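K.L.:
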Amino acid sequence: MSRLTFGVCLTALVWLFSNPALAHHSFGAEFDANKPITLKGVVTKVEWTNPHSHFSLDVTDDKGRTAKWVLTGYTVNALYRTGWKKDVTMKVGDTVTIFGWRARDGSNSAHAREVTFTDGKKLFYGPPAGTGEGGSTPAVKVP
Amino acid sequence: MTRQLLAAIAAAALCATCAAPSTNSTETAKPAATNGVPRTADGKPDLTGVWQGGNGRRGTWEEANSGLGVGGTGVDPAAPANPASQQVITDPAPYKPEAAARVLESFNKRGIDDPAGLCLPLGVPRLALVGLFPLQIVQTPTQVVILHEYMSVFRVIPLNAEHRTDVAPTYMGDSVARWDGDTLVVDVVNFNDKGWLTGTGTFHSDALHVTERYARIDKDQIDYVITMEDPNVLTKPWTVKTTLMLREGTHLQEYVCAENNVETAHYEKILKEGVAYRR
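Top line first, the protein sequences correspond to chains A and B.
For the first sequence, the residue numbers in my numbering are 1 to 143.
For the second sequence, the residue numbers in my numbering are 1001 to 1279.
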């Protein structure tokens, strides 16, 4: 077997075995991947904290009613590696649009995957849906 | 049939073609180590560097995680807007039936009982497999130090030493190492029983014994082979093969998980209010 083949095999095994979401807090338990949501609002608070960052949005509907939403995403280090910078990328007063998934408890809370800014720039804010819930296959054989 | 399933079958078929040779201990233990592998003054392959587990792509952190991103942290503006979570398939872990039921229960609970949710160290090898955070290896002639950004955990691993007998069981266990040709072999014992081995729910007992084999096969890649033995919960040794990829230019950052771990309260609320969250 060539080293290349061995390497390719290992790569495949990596793909099969490894889960980038592995060992992350369970977003899947808290947020529902079957409840995607898109929100546009004004940023009222930004929290750069671990293990997850958060920001708040005032979202106003067609009837002029405003609701406050809390969005959850990556840890600070991951946000920096994703292109974010504290107090620069997103500030209180900015208008943004987010795509994410709603909290299972029905509150105005969501896991934000992507943030779109008014100039059209997009950045990931959180991991894919279901992160941390163990993927789609358990580690053991289901009886 | 889903795209993920098709891909899994293709990958499994690929592995099947090289399964036997891949278990050849000579190839695993003594790679040629001439393909750009730096060496220390004592002639050993130098594992020093910043590495990423759970991501087999070569390149810098940004290059390797761009687009959809194995770590989901790509900066590529052409990335799919809303990629779904990745499929995870592996051979079933060899748990005893009663232990397997416990693993499956955690899976069905979507990992709400994950020790990581309490900001606890993830243990060995789980901590090295987290793609979202880098780790740094510092190698000297007498010891190897592994620094994990996630949970700010360190491992100080003496070479050619005996296990300590004057320390309590821990999440990361007690590690000693030796060189087997060009492969660094790390023996880990004295674990507590509070961590998970790899995926969701893969608990272990304090009888866990882990053997890690690190073989830098080229400039960018360490073949990382882990064998886990735990007669209390496993029916046989469980071996996993994966890779650590060099991430030049990446620096470890401070990570203080306990800073604002509101998820714990959220989980308690979910359980208290009976919110439907199980699979």
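Think of the CB as a built atom: it goes at the ideal place given N, C-alpha and C, for glycine as much as any other residue.
What you are looking at is a predicted structure, and each value in this text was computed from that prediction instead of being measured.
#1: Sorted by chain position, which residues of the same chain lie with C-beta nearer than 8 Å to B:L1159's C-beta, five sequence neighbours on each side aside?
#2: Find the residues of chain A that neighbour B:N1261, judging by a C-beta separation of less than 7 Å, and give them in chain order.
#3: Can you give me the C-alpha to C-alpha distance between B:N1035 and B:G1181, rounded to a whole angstrom?
#4: Hey, quick one: how far does the alpha helix (DSSP H) through A:R81 stretch, first residue to last?
#5: What number of angstroms, rounded off, separates the C-alpha of B:T1243 from the C-alpha of A:T60?
#6: Based on Cα-Cα distance, which residue from A:G83, A:H111 and A:K63 lies nearest to A:E30?
#7: For a minimum of 3 consecutive residues, which ranges assigned as the beta strand (DSSP E) are wholly contained in the segment 1096 to 1158 of chain B?
#8: Is it buried or exposed, B:H1251, if we count other Cβ atoms within 10 angstroms and call 16 or more buried?
#9: Just by C-beta distance, which residues in the segment 1199 to 1215 of chain B are closer than 8 Å to chain A?
#10: For a minimum of 3 consecutive residues, which ranges assigned as the beta strand (DSSP E) are wholly contained in the segment 67 to 124 of chain A?
#11: In whole angstroms, give me the CA-to-CA distance for B:D1230 and B:R1155.
#12: On the DSSP letters alone, give me the boundaries of the beta strand (DSSP E) that B:F1203 sits inside.
#13: Sort A:F27, A:R65 and A:T95 by Cα distance to A:K45 and report the nearest one.
#14: Find out if the Cβ-Cβ distance for the pair B:V1210, B:V1188 is shorter than 7 Å.
#15: Please name the residue, chosen from A:S26, A:Y125, A:G41 and A:G28, that lies closest to A:W84 on a Cα-to-Cα basis.
#16: List the residues of chain A that B:A1093 touches, going by C-beta distances under 8 Å, in chain order.
#17: Does B:I1146 come within less than 7 Å of chain A when only Cβ atoms are used?
#18: Can you find the residues in the same chain that come closer than 6 Å, C-beta to C-beta, to B:M1247, ignoring five residues on each side of it along the sequence?
#19: Flag B:F1107 as yes if its beta-carbon sits less than 7 Å from any beta-carbon of chain A, otherwise no.
#20: In chain order, what residues of the same chain lie with their CB nearer than 7 Å to the CB of A:R102, ignoring the 5 residues before and after it?
#21: Rounding to the nearest angstrom, what Cα-Cα distance links A:K86 and B:L1129 in this structure?
P.N.:
This is what the structure gives:
#1: Translated into positions along the second sequence, residue 1159 of chain B becomes position 159. Excluding sequence neighbours, B:L1159 sits near P1141, T1142, Q1143, V1144, V1176, A1177, R1178 and W1179.
#2: Reading the second sequence from its first residue, position 261 is the one you call residue 1261 of chain B. The answer, in chain order, is P51.
#3: Residue 1035 of chain B sits at position 35 when you count from the first residue of the second sequence. Residue 1181 of chain B sits at position 181 when you count from the first residue of the second sequence. Cα to Cα, the separation comes out at about 16 Å.
#4: To locate residue 81 of chain A, count along the first sequence from 1; it is residue 81. It spans V76 to R81 - the alpha helix (DSSP H) in which A:R81 sits, taken as one unbroken run.
#5: Working through the second sequence from its first residue, we reach residue 1243 of chain B at position 243. Working through the first sequence from its first residue, we reach residue 60 of chain A at position 60. Rounded to the nearest angstrom, the two C-alpha atoms are 48 Å apart.
#6: Here the question's residue 30 of chain A lines up with position 30 in the first sequence. Comparing Cα positions, the closest option is A:H111.
#7: 1135 to 1139, 1143 to 1148 and 1153 to 1158
#8: Mapped onto the second sequence, residue 1251 of chain B falls at position 251. When all chains shown are included, B:H1251 counts as exposed.
#9: G1199, T1200, G1201 and T1202
#10: 95 to 103, 109 to 117 and 122 to 124
#11: For the purposes of this step, residue 1230 of chain B is taken as the residue at position 230 of the second sequence. For the purposes of this step, residue 1155 of chain B is taken as the residue at position 155 of the second sequence. Answer to the nearest angstrom: the Cα atoms are 21 Å apart.
#12: Taking the first residue of the second sequence as position 1, residue 1203 of chain B is located at position 203. Here B:F1203 belongs to no beta strand (DSSP E), and DSSP marks it neither H nor E.
#13: What you label residue 45 of chain A is simply residue 45 of the first sequence in a count that begins at 1. It is A:T95.
#14: Residue numbering aside, residue 1210 of chain B sits at position 210 when the second sequence is read from its first letter. Residue numbering aside, residue 1188 of chain B sits at position 188 when the second sequence is read from its first letter. Yes; because the gap between Cβ atoms is below 7 Å, this pair is in contact.
#15: Residue numbering aside, residue 84 of chain A sits at position 84 when the first sequence is read from its first letter. The option with the nearest alpha carbon to A:W84 is A:Y125.
#16: On the second sequence, position 93 is the one that residue 1093 of chain B refers to. Under the 8 Å cutoff, chain A gives A139 and V140.
#17: Here residue 1146 of chain B refers to the residue found at position 146 of the second sequence. False, the Cβ-Cβ gap to chain A never drops below 7 Å.
#18: Taking the first residue of the second sequence as 1, we reach residue 1247 of chain B at position 247. Correcting the residue type first, residue 1247 of chain B is Arg in the shown sequence and not Met. Closer than 6 Å at Cβ, skipping near neighbours: V1050, Q1052, W1061 and P1134.
#19: Within the second sequence, residue 1107 of chain B is the residue found at index 107, counting from 1. It does; some Cβ of chain A falls within 7 Å.
#20: In the first sequence, the residue the question calls residue 102 of chain A occupies position 102. F31, D32, K35, I37 and A110.
#21: Looking up residue 86 of chain A in the first sequence gives position 86. Looking up residue 1129 of chain B in the second sequence gives position 129. Between A:K86 and B:L1129, the C-alpha separation is close to 28 Å.
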